[in-house]
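Novice: Have a look at this one.
There are 2 protein chains.
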Amino acid sequence: MTVLSLPPLDLDAAVAPAEDDSPLRSVSTAVAVLDCFAEEAELGATRVAARLGIAKSTACRMLAALATGGLLERTGSGRYRLGLRLFEYGQLAVDRLMLRDVALPAMGELRELLRETIQLGVVVGTDVLYVERTEAASMNVRFRSEHRRNPAHSSSTGRVLAAGDPALATAILERGFVRYTPFTVVDPQRYRQILATTREQGYATSREEFEPGWSSIAAPITMMRGGRPHPVAALSVVAPTSRVLGHRKPAVVQGVRRAAARVSADLERARS
Amino acid sequence: MTVLSLPPLDLDAAVAPAEDDSPLRSVSTAVAVLDCFAEEAELGATRVAARLGIAKSTACRMLAALATGGLLERTGSGRYRLGLRLFEYGQLAVDRLMLRDVALPAMGELRELLRETIQLGVVVGTDVLYVERTEAASMNVRFRSEHRRNPAHSSSTGRVLAAGDPALATAILERGFVRYTPFTVVDPQRYRQILATTREQGYATSREEFEPGWSSIAAPITMMRGGRPHPVAALSVVAPTSRVLGHRKPAVVQGVRRAAARVSADLERARS
DNA sequence: ACCGTCGTTCCGTAAAGCGGAACGCACTGT
DNA sequence: ACAGTGCGTTCCGCTTTACGGAACGACGGT
């Protein structure tokens, strides 16, 4: 499970500061309850209550309500887990982006061309979410597929998107930088410099800044918005460092840029 | 969009009877709000309020709360759509079933063996939800991939699961039968007969009962529960009728049953 | 058989959300 | 250009609703 790759945390401490910046408190806490299941697969009322700092009865009611709504499911022993209705909603959410269907052919060709894993990422908040990933079939080493979500600052996808979106860039800078490896860039000034370089070059790189041994190159997928191209997603190639940043780098850069440009054009064409 | 394949409905009528059988009314209505987006991609406060029969102000607050939680996203013009956090949760939900990862290899082999589209389906409520689908690469005719969810009564997957789960069978019978094609079985007595035959044979069929021209054969994936095998999912082969129910039927039946049995065994082995 | 823990239920209190109406804005048809 | 219509959002008082604490029943380990 993903828990293994996370830093150890006190499960019985109130980690959520109960961020209530909106009305409808019950809905906010209901979402917070869902969030608890992002880290742990199966939870009961007591753990949820402890984690959120709410009464056990409240947690119990929340769980029951979410379960009748199908967002959670009851396991055998009275505990709960994420429900399959969430899968349904999630599929609808990405299907309606009209992005995956358009990008999949280009991703397949790029994978065949480079024989590496190709990712399609979008931004949610200050994180990068990988909506699709096609892996080279006969690879003996596979990128750890547990990572569906990265902080944006340390990934090439996040950089290529932040380079074209000043609001995202400032959000990332305000959020702060977490060091994952000795190579992770955590200096704001250096980060700004990287974004400037990314803007000039039209692609971004990340050298072992999130997972030791793994690097990536990303190019933006854009949509015309107000006459100017605006990045909405990115294609990235992720592989062991020597295979993307070594002598193959020019080929990878050219390949991913062409593929991303093709997806951008197809997206524009599919815009009805 | 999926809307096109649905019967025409009055969008401005209150379709949801406001089923509040649970406490935490706000959470229930919040889930109902999410449900609205299952049928339509983009909605505003007014339409949601009309559809659920609630005040416009209430709908607006709900939408805002769900958006701050990431379950919804704002579009440019003040309307909302399903948020990508739902995709994240949905992926976690299926990943934790430990089902897709186990089934994917067998599905790939079955696809290569039969050169047809293979589906992995589970039951949610009285519907079948397809968690994974691998399509034969060089098929000129593709099954309409918009269908991620079917009513259980008209699909081979639903029958093979209902045959081994009396509770599901009665739920389907109580829910009632909708006719999609001239071939759809809508007689309860005939349906019971089909379930009995399914139990004997160990597989189920559906002959153009949901989509004209398309038929399917399904076999159950089981897990041992209380000493008895209990169906938890099903593999199905879907293709134009002549390709699954014609002279190839014995090969298809044998292939899908073997694959499902292998997944069941792997699932048992992976159970830690 | 005991005790600890968990999920669930009950109940009084107080806060939280509901509905109606008013506001600001964007678009449209004259 | 202008008014009209539709939208999403906000405000406010009243009522409902959900919160928290404690008690209950069940399960499982010792």
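Going down the list, the sequences are from chains G and F. Read in order, the letters of the first sequence are residues -5 to 266 in my numbering. Read in order, the letters of the second sequence are residues -5 to 266 in my numbering. Quick reminder that beta carbons are idealized off the backbone N, C-alpha and C, glycines included.
Can the beta-carbon of L114(F) be found less than 8 angstroms from the beta-carbon of A97(F)?
Specialist: Taking 8 angstroms as the Cβ cut-off, L114(F) and A97(F) qualify as a contacting pair.
Novice: Does any CB atom of chain F fall closer than 8 angstroms to the CB of F81(G)?
Specialist: Output row for F81(G): interface = yes.
Novice: Less than 8 angstroms between the C-beta atoms of L155(G) and A100(G), yes or no?
Specialist: Not in contact: L155(G) and A100(G) (Cβ atoms no closer than 8 angstroms).
Novice: Enumerate, from N- to C-terminal direction, the unbroken alpha helix (DSSP H) stretches of 4 or more residues contained entirely within the region 83 to 128 of chain F.
Specialist: Complete alpha helix (DSSP H) runs here, min 4: 94 to 108.
Novice: Going along the chain, which residues of its own chain have a beta-carbon closer than 6 angstroms to the beta-carbon of S258(G), five neighbours each way excluded?
Specialist: Cβ neighbours of S258(G) beyond the five flanking positions: I215, T216.
Novice: At a Cβ cut of 7 angstroms, what residues of the region 199 to 223 of chain G count as close to chain F, listed as they run along the chain?
Specialist: For the region 199 to 223 of chain G, which is checked against every Cβ of chain F, not one residue is closer than 7 angstroms.
Novice: Measure the CB-CB distance between V250(G) and A213(G) and report whether it falls below 8 angstroms.
Specialist: The answer is yes: Cβ separation under 8 angstroms.
Novice: Output yes if chain G places a C-beta closer than 8 angstroms to the C-beta of Q248(F); else output no.
Specialist: With 8 angstroms as the cut-off, Q248(F) does not count as an interface residue toward chain G.
Novice: How would you list, in chain order, the residues of chain G whose beta-carbon sits under 9 angstroms from the beta-carbon of R143(F)?
Specialist: Within chain G, the residues near R143(F) are E82.
Novice: Nearest to L37(G) by CA position, among R55(G), S51(G), Y74(G), is which residue?
Specialist: Of the listed residues, the one whose Cα sits closest to L37(G) is Y74(G).
Novice: Can you name the residues of chain G whose CB is closer than 7 angstroms to the CB of L65(F)?
Specialist: Those within 7 angstroms of L65(F) in chain G are V25.
Novice: Looking at chain F, is there any beta carbon in it that lies within less than 8 angstroms of the beta carbon of G77(G)?
Specialist: So, interface residue.
Novice: Any beta-carbon of chain F closer than 8 angstroms to the one on L56(G)?
Specialist: In the sequence as displayed, the identity of residue 56(G) is Met instead of Leu. Yes, because at least one Cβ of chain F sits closer than 8 angstroms to the Cβ of M56(G).
Novice: Rounded to whole angstroms, how far is the Cβ of L78(F) from the Cβ of L123(G), which I believe are closer than 8 angstroms?
Specialist: So it is a contact: roughly 6 angstroms between Cβ atoms.
Novice: Would you identify the three-state DSSP class for I188(G), choosing helix, strand or coil?
Specialist: Three-state DSSP puts I188(G) in a helix.
Novice: My guess is that V21(G) and S20(F) are in contact by the Cβ rule of under 8 angstroms, so how many angstroms apart are they, rounded?
Specialist: Rounded, the Cβ-Cβ distance is 6 angstroms, consistent with contact.
Novice: What number of angstroms, rounded off, separates the C-alpha of Q248(G) from the C-alpha of A161(F)?
Specialist: Roughly 57 angstroms separates the two Cα atoms.
Novice: Please go through the same chain and pick out, in chain order, the residues whose beta-carbon is closer than 7 angstroms to the beta-carbon of M133(G), but skip the five residues on each side of it.
Specialist: Its pLDDT being 46, under 50, M133(G) is placed unreliably in this model, and the value from its coordinates should be taken loosely. Excluding residues within five positions, none has a Cβ falling inside 7 angstroms.
Novice: Looking at P329(G): is its Cβ nearer than 8 angstroms to the Cβ of D159(G)?
Specialist: Since the first residue shown for chain G is -5 and the last is 266, residue 329(G) is missing from the structure and cannot be characterised.
Novice: Counting only C-beta atoms, is P244(G) closer than 8 angstroms to chain F at any point?
Specialist: No - not a single Cβ of chain F is within 8 angstroms of the one on P244(G).
Novice: Quick check on this structure: which residue in G70(G), D89(G), T62(G), E34(G) has the alpha carbon closest to the alpha carbon of E34(F)?
Specialist: Comparing Cα-Cα distances from E34(F) to each of G70(G), D89(G), T62(G), E34(G), the minimum goes to D89(G).
Novice: May I ask you to list, following chain order, the residues of the region 107 to 118 of chain G that have a beta carbon less than 7 angstroms from some beta carbon of chain F?
Specialist: Cβ contacts with chain F: V116, V118.
Novice: Per the DSSP calculation, S230(G) is bridged to which residue(s)?
Specialist: Looking at the DSSP assignment, S230(G) forms a beta bridge with Q113(G), A212(G).
Novice: Output the boundary residues of the beta strand (DSSP E) element that contains R201(F).
Specialist: First-last of the beta strand (DSSP E) with R201(F): 198 to 201.
Novice: Closest to E205(G) by C-alpha separation, out of Y174(G), K243(G), G170(G), would be which residue?
Specialist: Comparing Cα-Cα distances from E205(G) to each of Y174(G), K243(G), G170(G), the minimum goes to Y174(G).
Novice: Would S71(F) pass as an interface residue toward chain G - the criterion being a Cβ-Cβ separation below 8 angstroms?
Specialist: By this cut-off, S71(F) is not an interface position.
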